[in-house]
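First comes the structure, then the notes that go with it.
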Amino acid sequence: MTDTRYLVHGVFWDGPPPSSGAGASSGGDDGGAPVLRLQSPDGDFRQPALQAGARLGFEVVEPGRSCLGHVVVHSSRRRDHILCAAGAPAAKGKQCERCFMLDESRLMHDFHRGGRVTPGLRDYLMQEHWLYVATFAGGATKVGTASGPRKWNRLAEQGAVAARYVARAQDGRVVRILEDLVTADVGLTQQVRSAAKAEALLQPLPARQLDAINLRAAAEARTLLARAAVDGFEDVEEPWVRPAHAAALYAGGARHAYPHPLDSGRHG
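Start counting the sequence shown at 847; every next residue gets the next number (our numbering).
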C-alpha cells in the first residue's frame, strides 16, 4: 500500500444485507464486502476492501498494542473517532486509561441501569434496537443487541455462522434489559472471545448442527421473553442471512492456522 504507519481498527462490513436467503450460499458479495479499517497519524481513515483473493501485506513496526483513541457520539447518525493524544500503548482492551474514560460509547452499557449518557449518545440509544441470538463455528452461542441501521452488519462483523432475531425493542434501554434477562435466565453469554471464534474455524461443526443449536437457543430466549414483565418491545422470529462472502469458510476441506505470530515482522 504505502509506507504510512496505520492503526488497525479491525474488520468492518460496508454493504447492505443480502436480499434473500440465497445469498448465504451463492458465493457472491450480495451483502457488500468486508473492509479493513485503518487510521493514519493525521486521523484520516482508509478502508481497503477484503475481497476474496485480494492480497494483503503488512509489517508490524512496533511491538504491543497501541491505543486506538476514543469515540465522541454526536447523534444516532454521526460520531467522531479521536486519536489518542499521547499515542500511548493500550491498557484496557484497545485503549489507554485516559481514552477509555473519555470514550462515550462505553456509557451505553449502563444506560438501562440509570447510568449517565451524553445528549448525542442518548439520541443514538433512543432509536429502534434488535435482540439477537448468534452461534459461531464451534457452537458457542451468545445473546446480543444491534441498532436498527446496523441490524445485519453487526452480526456479519462478529463472524456469526447462524443467528436469529428474537425481539424488536423501541430503544437501547429496553433491549439491554431484555439482554440481561436472557443471560440471567437462559444462560447465554453476552461475549465470545475473538480468539475462540477464529480457533473454531479450523474445525467448524456441520452447518445443520450449528443451525439446530441456534434454533434451540433462540426458542428458549423467546419463551422467556413471552412472559417477561417488560414494556416497549415485541417478540420476533426472523433469521439472519449469512453473507455469501463467508460461504467458503464452511465448505469441506482441510484447515490450517496461520503459522506465524502477528505481533511482529512482515506478513503477506
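Glycine residues also receive a C-beta, built at the ideal position from the N, C-alpha and C atoms.
- Taking the Cα of residue 1051 as reference, the smallest distance to any Cα among 1034, 849 and 1097 is reached at 1097.
- For residue 948, the closest alpha carbon among the candidates 1106, 888 and 914 is that of 914.
- Here DSSP, grouped into helix, strand and coil, assigns residue 894 to coil.
- Proximity of the stretch 1037–1052 to the stretch 1080–1089 falls short of the contact definition, fewer than three beta-carbon pairs being nearer than 8 Å.
- Distance between residue 918 and residue 963, taken at the CA atoms: about 11 Å.
- By the C-beta criterion, the stretch 990–1006 is judged not to be in contact with the stretch 932–950, since fewer than 3 inter-stretch pairs fall below 8 Å.
- Listed as beta-bridge partners of residue 1001 by DSSP are no residues whatsoever.
- The C-beta distance from residue 1020 to residue 1076 rounds to 7 Å, short enough to fall under 8 Å.
- Assigned with DSSP and collapsed to three states, residue 858 falls in strand.
- If you check the CB distance, residue 880 and residue 860 come in under 9 Å.
- Contact between the stretch 1056–1068 and the stretch 955–973 is absent: fewer than three C-beta pairs spanning the two stretches fall below 8 Å.
- Less than 9 Å divides the Cβ of residue 1013 from the Cβ of residue 1071.
- When DSSP reads this structure, residue 885 sits in a beta bridge with 853 and 891.
- Taking the C-beta atoms as reference points, residue 1032 is found no nearer than 9 Å to residue 977.
- Excluding its 5 nearest sequence neighbours in each direction, residue 1110 has C-beta neighbours in its own chain below 7 Å: 906 and 909, listed in chain order.
- Rounded to whole angstroms, the Cβ separation of residue 940 and residue 911 is 7 Å, and the two are in contact under 8 Å.
- Cβ-Cβ distances below 6 Å link residue 945 to 913, 915, 916 and 930 in the same chain, with the five nearest sequence neighbours on each side left out; the list follows chain order.
- Per the DSSP secondary-structure output, residue 977 pairs in a beta bridge with 991 and 1013.
- Among the bridge pairs identified by DSSP, residue 938 is matched with 941.
- Taking the C-beta atoms as reference points, residue 857 is found nearer than 9 Å to residue 1003.
- The beta carbon of residue 893 sits closer than 8 Å to the beta carbons of 858, 860, 881, 882, 883 and 884 from its chain, once the five residues preceding and following it are set aside; these are given in chain order.
- In terms of Cβ geometry, residue 979 and residue 1022 do not form a close pair [threshold 9 Å].
- Spanning the alpha carbons of residue 1107 and residue 1113 requires a straight line of approximately 10 Å.
- Around the C-beta of residue 1015, 16 or more other C-beta atoms lie within 10 Å, and the residue is accordingly described as buried.
- Distance from the Cα of residue 1046 is smallest, within the candidate group 925, 928, 927 and 1103, for 1103.
- Counting only runs that start and end inside the stretch 1016–1099, the beta strand (DSSP E) elements of at least 3 residues fall at 1079–1085.
- Looking at 1006, 974 and 998, the one whose alpha-carbon comes closest to that of residue 981 is 1006.
- DSSP places residue 968 in the uninterrupted alpha helix (DSSP H) bounded by 965–971.
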